[in-house]
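2 protein chains.
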Amino acid sequence: MLLTLDGEGALYMQVYRSLKQQILAGRLREGERLPASRLLADSLGVSRNVVLQGYDQLKSEGFIVGRVGAGTRVADHLATADVRTGLAAARRRGETVSAVRLTEQANIALAYWQARAQPGTLPTRALDYDFRYGDVEVDPLSARIWRRLSGHLFTHSVHQYGHPQGEPVLREIIAEYAGAGRGCDCDPGQVCIVNGSQQALDILARMFLSPDSQVIVEEPGYPGARTAFQATGATLVPVPVDLAGIKVGQFPDPGSANGLIYVTPSHQFPTGSILSLPRRLALLEWAEQHNRFILEDDYDGEFRYAGRPIPALQGLDPAGRTLYVGTFSKVLFPALRIGYVILPGNLVEPFVGLRWLCDRHTATHQQRVLAAFIREGHYERHLRRMRKRYQGRRRALIDALHQAFGAEIELHGTNAGLHLLVWFREDALAAGESTLIAAARAAGVGVYPVSPLYQRPPGRLGLLFGYGGIPEARIAPGIARLRRVFAALR
Amino acid sequence: MLLTLDGEGALYMQVYRSLKQQILAGRLREGERLPASRLLADSLGVSRNVVLQGYDQLKSEGFIVGRVGAGTRVADHLATADVRTGLAAARRRGETVSAVRLTEQANIALAYWQARAQPGTLPTRALDYDFRYGDVEVDPLSARIWRRLSGHLFTHSVHQYGHPQGEPVLREIIAEYAGAGRGCDCDPGQVCIVNGSQQALDILARMFLSPDSQVIVEEPGYPGARTAFQATGATLVPVPVDLAGIKVGQFPDPGSANGLIYVTPSHQFPTGSILSLPRRLALLEWAEQHNRFILEDDYDGEFRYAGRPIPALQGLDPAGRTLYVGTFSKVLFPALRIGYVILPGNLVEPFVGLRWLCDRHTATHQQRVLAAFIREGHYERHLRRMRKRYQGRRRALIDALHQAFGAEIELHGTNAGLHLLVWFREDALAAGESTLIAAARAAGVGVYPVSPLYQRPPGRLGLLFGYGGIPEARIAPGIARLRRVFAALR
C-alpha cells in the first residue's frame, strides 16, 4: 500500500487523512486488515506512536475496528449509502487526493487573488457610502446605444474563428484614436486586441520575463502588474514615486540582467502623480542605454480634469522601446473585457503567438460593436459626458475632504483618473490603520488603505478614495460620517 | 557610443544596422564624426574590414559622407522629412531596437502560431472543396435565437465586473448538463468558466507544470495542448494511440517527476479512437498509483453517431484526479469563446487565482445568454439538428471515400466528432506527401496531412478530412476530384 502524507499539520492527522482516503477510495476494502502499526511507521519514516494516534482517530470515527496487536480492520458497514455519499462529496471537494503540488506561479496568483478577496476590497452592498477604487459608472445612454449596435452587427461572420491580433476594423480605429487622443505614433498593424489590460500585462510578462529577469516597478504600484511579473519568476525592483512620478534618477544599474520597466505615466497608480516631461525623456534615455523595453500602462489616461495633456510615452519614444497598453473596460463597461496593446511591428507576431496559445482571440462580435461605437462618435461623446460627471464628483470629494479634515490631510492625484489619495497627519495612524478602516466600515463607510500597494509600508496613514462608483450627492454625507468616525477614535 | 550587434546575418550588415539605428534615433547627429574604424572594430571585437564594409553600406545609402582616414561624418541633410518618415517607419516596424531577447515560451508559442499559419492550415477561399478540420457550421436558427436572447438579457448588471469563476447561473446549468449529458459527477462549485478550452489548457499547464515536470501526451495528438505544456518548460512524453485510444500499458515509470496526463478519450484527436473502458480504468488506476492528475479534454464529445456513449473519465474517477475540460465553441459558434473546466473542489481557488491574473473573467453578457440558451432547451435542439446534419455529411464522406479509393484506404475515427482519418496504402506516399497535398490544392481540393500532429512522422500517408465546414452536396464531387489528382500522380 502506497501512502503519501500531505505535509500539513500534525503528523498523526496526516496519517489519519491518508488512510481515510484509501478507505474512501475503496483501496482499503471493508473488513480488510490494516498494516501493522510498526511496519507502517517504518515505511512512512514516522514513530509508531504517530501511527497509533492516527488509527485511534480512524477508530473514533468508525472507519476501522479492532485492537492493536489483535489486528485492526476496515469496518464492515462502509458500503452504505452514507459512506458512498461521503466519498462522492470528498471527491468533489478534492479531498481524495493528498499532497497536491502547485507551481510557484499558481501560488503567487492564488495569494494575489486571496488578498483581493479580503473583506474591504470586494464590493459590499451593506455599505452606505463606498469609496472603493476601481469601480466605474455604467452610463445608461451608452449602454442603450451599445445594445442597438449589438443587434445590428449580429451577422453570420461574427460566429467564425477570428484572428488573434483582433478585427482589422477595430485595430484601424484604435490606431487612429490612440494617435489623435493619446499622442501615440502607430499604424493598425501594431495594434493587438486583448481581453482587457490585464491580459496584455500577463502576455507581455510571459513574452519578456524569465526567472533571471528584473522588472523596475513603481513603489507604490499596481498589484495586477506586479503579480503578472512575479509569476514568471522575475525579480521586482521597486523605485519610489513622488509628485512627478517614478524617480528615474534612482533606477539601479541593471548589470547584465534583462527585463522590463513598468510605469503608469498618465496617472500613476495609486498616487495619481503624472510623470513629468523631463522624467519621461530621462526614462526613454535610460531604457535606450540599458536596452530595456518600457511597459506603459495607460489604464486611465482618458480622464483628466486640469493641466495640459501630456502625450503618451509611446509617442515621445524615438527608439521604439515602448509597449503601450490601453483599455476600454475602465472607460465604457468593466465587463466589456476589451483592451489593446501597441507594439513595435516586429514584436507583434510573438505577441500574437502567445495570445493564440492563451485563448485564441477576443470575441469577434464585441470587437465589431466597439469599432462602430467609436466610429460613430459615441465614444467621444461618452467620454465628454463621463468626464463632466466624474469632474463633479471629484470636486465634491475634494471639497468635502477639505471641509471635514482641513489641515489634517494632504491630497494627491486630483488632476486625473477616478480616485485620489489622501495622506493623513502622522498621528492619525496612532489608532491603527485597520482599526480606523474597520470602524469606518462598521459605520457604513468603505475606505481603502494605500499600504497594501507598497512593498514596504509607507509608515503613515494613506487612504484611497474612488469616485467612479459613488453618486455625487452621496459624497459629502459619506465624508462627514467618516469624519465623525475619526473624531470618535481620537 | 554604445553599439550592440543583433547577431543576425553578416557581421558588416550588423554593424551597418546598428549605426543606422544610432543615426535614425538621433544619437549620432548630423555632421557628427563617426568613430575611427579601428577603434570601433576593437570595441566590437570584429575586424576593421567588417567596420569598413559597414561604413561603405551607410555611405552608399547617403547616411554618412567622407573618406576613411579623413574622417567619416553623418550626412547633413538628415533632418529632412524623408529621413524623419524613414525613422518613424523604422520605429513602427521595431527596427530601431536590436537584439530583442524573447523568452523560451514566447519562441515556442511563436513557432506554434507560425506552423499553424502555413498555407494549408488557414482557410483559403479559393478552394472549391475544403476538408479542413476544426471548422464548424454556424446554424442560422441557433444564431437567430442567440440574437434574440442577447437583446433580452442586455441589462445593467452585465456591465459590471464579474467573478473569475464565472456567472453562477451558467455554472449551475453546466454542472447539470455535464452530469446528464457527459456522465460527469460535479456540483456548480467545481465548474469554472473560461474563454474556450484553450484557456483552460493554458491555465492548467501554468497551475501544474514547471521545467521539471513530465506530461504524458497522446501520439499523435493535439498541438494546442502540447504547446501549452511545452511553454512551461515541461517535458512531453508521447505514448502511442491505437484503435482503443492511448496505450496505457506503455506509460513509462514517472520516477519522482510530477506532471499531468493529457487525453482526449471521447474522440482522440486526431485518430478518432474512443478510449476503451478497460483502458479508462487502467488510466485512472495508473494516475492514482503515481499521484498524477489527468487532464481530460472532451473537445468534441458532443457528436457521436454510433455505439453506446461512454461517460466521461471524470465520472468514472473514484479518486478525484480528473480535470475535465469542455467547450461550447465547437458546438455552437467558434467565435463564442466560452468553455469550462470541472475541477476537484480544492483546486478551484488556485485555478480562479490564475484566471484572475490572466484576464479577470469571461464577458458576463455572453455567459448569461449561453445559460438561457441551454436552460430554454435550444442547446439540446441545436445538438440534435447538428448531429443529424453532420451524420449526413459523415455518411456521404465515407461513401465517397470508399467509392473513390476502395481498398487503397483505411478509415479511422468515423464514430464521433467532425473529422475522420484516412490512412493510404503504403505506396501512396511514394509521390511524397507534400506533392500530393500541393497537387490537390492546385486542383482546388484542400486536404490536410496527419503527420504534423506526430512528434515522429508515421511513415505512411494519412490525411484528415474535416466535414464540419463543407456542405453535404459538395463532399462527393470533392472526393472524386481528389481521386483524379491521385491517379494523375501515379
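Quick mapping for you: the protein sequence lines, in order, are chains A and B.
If you want this note's numbering, it's the 1-based position in the first sequence plus 610.
If you want this note's numbering, it's the 1-based position in the second sequence plus 610.
All C-beta atoms, glycine included, are put in the ideal place defined by N, C-alpha and C.
List the residues that DSSP assigns as beta-bridge partners of residue i.
{"i": "F903/B", "result": "L870/B"}
{"i": "F1075/B", "result": "L1030/B"}
{"i": "Y1058/B", "result": "L1074/B"}
{"i": "C802/B", "result": "V951/B"}
{"i": "V941/A", "result": "Looking at the DSSP assignment, V941/A forms no beta bridge with any residue, so it has no partner."}
{"i": "Y739/A", "result": "V1055/A"}
{"i": "V935/B", "result": "D907/B and V951/B"}
Could you check what DSSP says for residue i in three-state terms: helix, strand or coil?
{"i": "Y832/B", "result": "coil"}
{"i": "V710/B", "result": "coil"}
{"i": "L688/A", "result": "coil"}
{"i": "L662/A", "result": "helix"}
{"i": "G617/A", "result": "coil"}
{"i": "T765/A", "result": "coil"}
{"i": "T972/B", "result": "coil"}
{"i": "Q878/B", "result": "coil"}
{"i": "H773/B", "result": "coil"}
{"i": "R1100/A", "result": "coil"}
Would you say residue i reaches chain B, if we count a Cβ-Cβ gap shorter than 8 Å as a contact?
{"i": "R970/A", "result": "yes"}
{"i": "F879/A", "result": "no"}
{"i": "V941/A", "result": "no"}
{"i": "D951/A", "result": "Before going further, note that residue 951/A is Val rather than Asp in the sequence given. No, because no Cβ of chain B sits closer than 8 Å to the Cβ of V951/A."}
{"i": "F913/A", "result": "no"}
{"i": "G761/A", "result": "yes"}
{"i": "L887/A", "result": "no"}
{"i": "P848/A", "result": "no"}
Residues of chain B with a CB under 8 Å from the CB of residue i: which are they?
{"i": "Y872/A", "result": "The premise fails here: Y872/A is roughly 15 Å from chain B at the closest Cβ pair, so nothing lies under 8 Å."}
Using a cut-off of 8 Å between C-beta atoms, extract the partners of residue i located in chain A.
{"i": "R639/B", "result": "Those do not exist, as R639/B stays about 12 Å from chain A at its closest Cβ, beyond 8 Å."}
{"i": "G636/B", "result": "P928"}
{"i": "C1101/B", "result": "The question about residue 1101/B has no answer here: the residues shown for chain B are numbered 611 through 1100."}
{"i": "H766/B", "result": "V748, P750 and A753"}
May I have the straight-line CA-CA distance separating residue i from residue j, to the nearest angstrom?
{"i": "T1024/B", "j": "T713/B", "result": "41 Å"}
{"i": "T731/A", "j": "I813/A", "result": "Only weak support is given to the placement of T731/A: the predicted model assigns it a pLDDT of 46, under 50, and the value that follows is read from those uncertain coordinates. So the alpha carbons of these two residues sit roughly 25 Å apart."}
{"i": "R742/B", "j": "Y1077/B", "result": "8 Å"}
{"i": "R1084/B", "j": "Y739/B", "result": "7 Å"}
{"i": "F983/A", "j": "A1049/B", "result": "46 Å"}
{"i": "W723/A", "j": "L885/B", "result": "37 Å"}
{"i": "P1067/A", "j": "V941/B", "result": "51 Å"}
{"i": "F839/A", "j": "F903/A", "result": "14 Å"}
{"i": "V962/A", "j": "A719/B", "result": "9 Å"}
{"i": "V656/B", "j": "V684/B", "result": "22 Å"}
{"i": "L933/B", "j": "C802/A", "result": "31 Å"}
{"i": "A1017/A", "j": "V847/A", "result": "34 Å"}
{"i": "V935/B", "j": "V858/B", "result": "20 Å"}
{"i": "Y622/B", "j": "P960/A", "result": "27 Å"}
With 8 Å set as the bound, which would you pick, yes or no: does the beta-carbon of residue i sit closer than that to a beta-carbon of chain A?
{"i": "S1044/B", "result": "no"}
{"i": "G730/B", "result": "Here G730/B scores only 44 on pLDDT, less than 50, and its place in the model should not be relied on; the value that follows carries that caveat. Not one chain A Cβ lies under 8 Å of G730/B."}
{"i": "Q775/B", "result": "no"}
{"i": "V801/B", "result": "no"}
{"i": "V825/B", "result": "no"}
{"i": "Q976/B", "result": "yes"}
{"i": "Q924/B", "result": "no"}
{"i": "Q808/B", "result": "yes"}
{"i": "A867/B", "result": "no"}
{"i": "T837/B", "result": "yes"}
{"i": "W1033/B", "result": "no"}
{"i": "L967/B", "result": "yes"}
Taking Cβ-Cβ distances shorter than 7 Å, what residues in chain A pair up with residue i?
{"i": "L720/B", "result": "E959, P960 and G963"}
Who are the neighbours of residue i on chain B, taking C-beta pairs under 9 Å?
{"i": "M817/A", "result": "L712, T713, Q715, A716 and A719"}
Kindly list, in the order they appear in chain B, the residues whose Cβ is closer than 7 Å to that of residue i.
{"i": "Y771/A", "result": "P944 and A945"}
{"i": "V979/A", "result": "Within 7 Å Cβ-Cβ: nothing; V979/A doesn't reach chain B, min ~11 Å."}
Is any heavy atom in the ligand PLP found nearer than 7 Å to the beta carbon of residue i?
{"i": "V847/A", "result": "The ligand PLP is not part of this structure, which contains no ligands at all."}
Which chain A residues are close to residue i, counting only those with a beta carbon under 9 Å from its beta carbon?
{"i": "S820/B", "result": "T713, E714 and Q715"}
{"i": "R1093/B", "result": "Within chain A, no residue comes near R1093/B; the closest Cβ sits about 29 Å away, beyond 9 Å."}
Item to check | Short-range partners of chain E found in the stretch 705-717 of chain B, where Cβ spacing is below 9 Å | outcome: Among the protein chains in the structure shown, which are A and B, there is no chain E.
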